[in-house]
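Everything below concerns the one structure shown next.
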Amino acid sequence: LDEAIAGCSLVVGTSARSRSLPWPMLDARECGVKSVEEGQQAPVALVFGRERVGLTNDELQKCHYHVAIQANPEYSSLNLAMAVQIIAYEVRMAWLQAQEQASPPPQYEESPYPLVTDLERFYQH
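Quick note, in full-length UniProt numbering, the sequence shown goes up one by one and the last residue is 125.
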């Protein structure tokens with residue numbers, strides 16, 4: 001893990017287990033937005049735990065934020081593939097929104113076709 005996150009400016013860890021130690025928390029959507037914002041400046045790491053036991057407290061301490069995906073309290077733990085899919089979806093949606101906001105308004109090129117008013121003048125002439 002140390003080697004994987006060495007060059008990252010933002011490290012976000014995911015876990016369904018509640019911890020007694022306080023960590024700065026993000027929900028999945030906030031994780032997507034923060035990852036896209038920070039990812040424009042430097043590499044970002046999204047850290048997922050093992051299928052059976054998740055991330056250890058020591059691993060979570062290496063993360064700047066902790067993400068818990070809100071799920072049904074009766075079945076609060078998602079499997080690894082589901083968690084990756086949800087976080088990846090939120091990152092993608094945040095990236096698309098950032099692209100939409102960053103792109104300039106469309107420039108309309110001059111049409112090779114005459115305007116209706118010009119055609120009407122032509123016909124009347």
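Cβ atoms here follow ideal geometry from the backbone N, Cα and C, with glycine treated the same way.
I need the boundaries of the beta strand (DSSP E) containing residue i, first residue and last residue.
| i | result |
| --- | --- |
| GLY14 | The residue asked about is misnamed: residue 14 is Thr in this sequence, not Gly. Per DSSP, THR14 belongs to the beta strand (DSSP E) from 10-14. |
| LEU55 | No beta strand (DSSP E) holds LEU55; DSSP gives it neither H nor E. |
Candidates the options: which alpha carbon is nearest residue i's?
| i | options | result |
| --- | --- | --- |
| LYS34 | GLN97, ALA4 and GLN85 | GLN97 |
| THR14 | SER103, ALA28, PRO22 and ASP2 | ALA28 |
| TRP23 | CYS63, GLU120, GLU90 and ALA102 | CYS63 |
| PRO73 | ARG17, ALA4 and GLN61 | ARG17 |
Within the present structure, is the beta-carbon of residue i separated from the nearest heavy atom of the ligand SAM by less than 8 Å?
| i | result |
| --- | --- |
| LEU1 | Judged by which ligands are present, the structure shown has none, so any question about the ligand SAM falls away. |
Give the range of the alpha helix (DSSP H) segment to which residue i is assigned.
| i | result |
| --- | --- |
| TYR123 | 116-124 |
| ALA83 | 80-102 |
Less than 9 Å between the C-beta atoms of residue i and residue j, yes or no?
| i | j | result |
| --- | --- | --- |
| LEU10 | TYR89 | no |
Closest Cβ-Cβ distance between residue i and chain D: below 9 Å?
| i | result |
| --- | --- |
| CYS8 | Chain labels in this structure do not include chain D; a single protein chain is all it has. |
Pairing CB atoms from the segment 35-45 with CB atoms from the segment 66-78, are three or more of them under 8 Å?
No, the segment 35-45 does not touch the segment 66-78.
Does the segment 84-100 come within contact of the segment 54-65, defined as at least 3 CB pairs closer than 8 Å?
Contact between the segment 84-100 and the segment 54-65 is absent, because fewer than three Cβ pairs lie under 8 Å.
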